[in-house]
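Numbering (the working numbering), first residue to last: -7 to 160.
To start, the structure under review is shown below, and the notes come after it.
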Amino acid sequence: MRTFLFSCFVLFFSACSSHHEPLPTVAKVELERYLGTWYEIARYEHFFEKGCSNVSATYALRGEDTIDVTNRCTEEDGSLSEAKGVAYALDASNAKLKVSFFRPFYGNYWIIMLDDAYSYAVIAEPSREYFWILSRTKELDAQTKEKILQALPSYGYDTSKLIWTKQD
């Protein structure tokens, strides 16, 4: 049976490299404000999240420079899956993180858009294979959603590939 933990491993271990323009990130992320629970609004589909609903990620500071990551989702059969990992920032901007659910393998977690109020974030990685829109609430208002969708092509993302996550 597919587990969310294995899926997270595959996500970060199998990211392919491709030829894209460099992926810009936000200038600065205040980790203390970023911590807490985020709800997945949309993503690029991959088998490890296929059929998942009620997807969330919770971040908590562990020590001075390590973040605990807990991802949760409801599988198609109604069972709950949970994966625990760790993350750390690559530089003082805190906009580029490395995340691992299966050490020693780490994947890129780059924050390319972040609302001033930390109410939504857009997460990507340089190969453009993985992508998430996150929010502090289970829904985004239409104006914010449209703002994000209009910006995505400039980052090299195809909005037609988005899967909109069901949140109960």
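By construction, the Cβ of each residue, glycine as well, lies at the ideal position given by its N, Cα and C atoms.
{"Item": "Have a look at the DSSP bridge pairing and note the partners of Gly77.", "Value": "Val61"}
{"Item": "What are the boundary residues of the alpha helix (DSSP H) that includes Leu141?", "Value": "Ala134 to Ala143"}
{"Item": "Taking a contact to mean a Cβ-Cβ separation below 9 Å, would you say Lys139 touches Ala87 in this structure?", "Value": "no"}
{"Item": "Leu53: buried (16+ other C-beta within 10 angstroms of its C-beta) or exposed?", "Value": "exposed"}
{"Item": "Just the C-alpha distance for Ile155 and Ser111, rounded to the nearest angstrom, thanks.", "Value": "20 Å"}
{"Item": "So, Lys137 versus Ser45, is the Cβ gap smaller than 9 Å?", "Value": "no"}
{"Item": "Taking the alpha-carbon of Ala75 as reference, which of Glu68, Asn63, Arg120 and Ile59 has the nearest alpha-carbon?", "Value": "Asn63"}
{"Item": "So if DSSP puts Asn46 in a beta bridge, which residue, or which two residues, is it bridged to?", "Value": "Asn46 pairs with nothing; no bridge assigned."}
{"Item": "In terms of residue numbering, what span does the beta strand (DSSP E) encompassing Tyr112 cover?", "Value": "Tyr112 to Ala116"}
{"Item": "What does a CB cutoff of less than 6 Å around Phe5 pick up in its chain, not counting 5 residues either side in sequence?", "Value": "Since pLDDT at Phe5 reaches only 39, below the 50 mark, its modelled position is unreliable, and the value read off the structure follows with that caveat. Around Phe5: Phe97."}
{"Item": "Inspect the beta-carbon positions of Thr29 and Ala49 and report whether they are closer than 9 Å.", "Value": "yes"}
{"Item": "Check the C-beta distance from Lys153 over to Tyr36 and give it rounded, since I have them as a contact under 8 Å.", "Value": "5 Å"}
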